[in-house]
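Numbering (the working numbering), first residue to last: -17 to 192. We put the CB at the ideal spot given by N, CA and C, even for glycine.
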Ligand SMILES: [Zn+2]
Ligand SMILES: [Zn+2]
């Protein structure tokens, strides 16, 4: 599996490219802004984009869906509990403020335990509600992409519609902190002292989950 962390210039967003070497295909997780730059990363790696995966429905993660979809015809994948808000008016307005657009409808509705096949690489969907009702993390082979559920040294906010701190902490404790200790944590924003972490390190030091 190829992993590329791409830091975008707005909101300290991290977009991720997950590539499968054998089939030369890839997924983009939260390609929110600067989609030309993101698509150039895929192209220069020789990878064709087959999936757009949103960790959740917030505008700062989905504002690039329309541009990437029209350039690649990739399938837009999001958890079924967040799919309804993808094209919602308020979300589209916010996406435009960020310089993007509202998202086309989802092509694939996800639920806990589903796998998304990027060529021969199977990404596992872990439903981690709390930041939003349909927030997900994605896991493959010691790598976990946590969206706005878990950051390096922090957790996602829970004061937005559909948020719940109790649910978020339960998601983190039961579904993330139970993964192998060495699992690399790849967050959705660069809010911490380092751009990535591990399950073990966050378990021991993250002040919000104690
Ligand atoms: Zn969010
Ligand atoms: Zn966010």
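Terminal residues of the continuous beta strand (DSSP E) containing residue i?
i: residue -12; result: -16 to -11
i: residue 2; result: -4 to 2
i: residue 98; result: 97 to 100
Please find out if some non-hydrogen atom of ligand 1 comes closer than 7 Å to the beta-carbon of residue i.
i: residue 138; result: yes
i: residue 38; result: yes
i: residue 130; result: yes
Please classify residue i as buried or exposed, where buried requires at least 16 other C-beta atoms within 10 Å of its C-beta.
i: residue 35; result: buried
i: residue 108; result: buried
i: residue 95; result: exposed
i: residue 67; result: buried
i: residue 142; result: exposed
i: residue 16; result: buried
Following the continuous alpha helix (DSSP H) through residue i, name the residue where it begins and the one where it ends.
i: residue 18; result: 17 to 26
i: residue 38; result: Run containing residue 38: none; DSSP gives neither H nor E here.
Could you pull the DSSP bridge partners for residue i from this structure?
i: residue 105; result: 98
i: residue 7; result: 2 and 30
i: residue 136; result: 133
Going by the C-beta, is residue i closer than 7 Å to any heavy atom of ligand 2?
i: residue 43; result: yes
Subject >> Given 8 Å, three or more beta-carbon pairs between the stretch 20 to 31 and the stretch 48 to 60 >> reply: The stretch 20 to 31, when compared against the stretch 48 to 60, does touch it at the 8 Å Cβ threshold.
**OP:** Could you tell me whether the stretch 2 to 19 touches the stretch 95 to 113, where touching means 3 or more Cβ pairs closer than 8 Å?
**Re:** With a cut-off of 8 Å, the stretch 95 to 113 and the stretch 2 to 19 count as touching, because enough Cβ pairs lie within range.
Original post:
Should the stretch 121 to 139 be called in touch with the stretch 166 to 176, which here means at least 3 C-beta pairs below 8 Å?
Top reply: Three or more pairs of CB atoms, one per stretch, sit closer than 8 Å, so the stretch 121 to 139 contacts the stretch 166 to 176.
**OP:** Check whether the stretch 37 to 45 touches the stretch 64 to 78, counting contact only when three or more Cβ pairs, one atom from each stretch, lie closer than 8 Å.
**Re:** Yes: the two stretches touch, three or more of their Cβ pairs being nearer than 8 Å.
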